[in-house]
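Below is one structure; the comments refer to it alone.
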Amino acid sequence: MREIVHMQAGQCGNQIGGKFWEVISDEHGIDPSGTYCGDSDLQLERINVYYNEALGGKYVPRAVLIDLEPGTMDSVRSGPFGQIFRPDSFVFGQSGPAEILHWRQMRFI
1138 MREIVHMQAG QCGNQIGGKF WEVISDEHGI DPSGTYCGDS DLQLERINVY
1188 YNEALGGKYV PRAVLIDLEP GTMDSVRSGP FGQIFRPDSF VFGQSGPAEI
1238 LHWRQMRFI
């Protein structure tokens, strides 16, 4: 089975990405806490394409959210599905591209 790591960068990318996760979560029957509350086996069939299953049966998006300012990240976190992301999925600050690349290599490889 394939797995997708969703990367969203900048204010626009993170705003669109926030809506993306709302739609994908709804399609797979995932509530804002990451719990499956759907009613169809079809919803779970390919759930591992976008989500990792964490402790307690919670589903966590396989995502990296990047921005130079924490304000956009705060908006995502305070949004309807903001608590579904792992805290280490957020990369922000005055990091340069090399630092972000290093983080990606350490996290996913």
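In our numbering, the protein residues as written are 1138 to 1246.
Beta carbons are placed, not taken as given, at the ideal position from N, Cα and C, and that holds for glycine.
- Where Glu1190 is concerned, the enclosing beta strand (DSSP E) starts and stops at 1188–1190.
- At a Cβ-Cβ threshold of 8 Å, Asp1204 and Phe1229 count as neighbours.
- If you ignore the 5 residues before and after Arg1199, its C-beta comes within less than 8 Å of the C-beta of Glu1140, Ile1141, Val1142, His1143, Tyr1187, Tyr1188, Asn1189, all in its own chain and listed in chain order.
- In the structure shown, Val1197 adopts extended strand secondary structure according to DSSP, grouped into three states.
- In the three-state scheme derived from DSSP, where H, G and I count as helix and E and B as strand, Leu1205 is classed as coil.
- Exposed is the label assigned to Ile1153, since fewer than 16 other Cβ atoms lie within 10 Å of its Cβ.
- Ranked by how close their Cα comes to the Cα of Gly1194, the residues Glu1206, Val1201, Leu1181 have Leu1181 in first place.
- For Val1142, there is no enclosing beta strand (DSSP E), as DSSP gives it neither H nor E.
- In the DSSP assignment, Ile1167 is bridged to Tyr1173.
- By alpha-carbon distance to Pro1169, the top candidate from Ser1215, Leu1179, Gly1208, Asp1225 is Ser1215.
- Counting along the chain, Gln1180 sits inside the alpha helix (DSSP H) bounded by residues 1178–1182.
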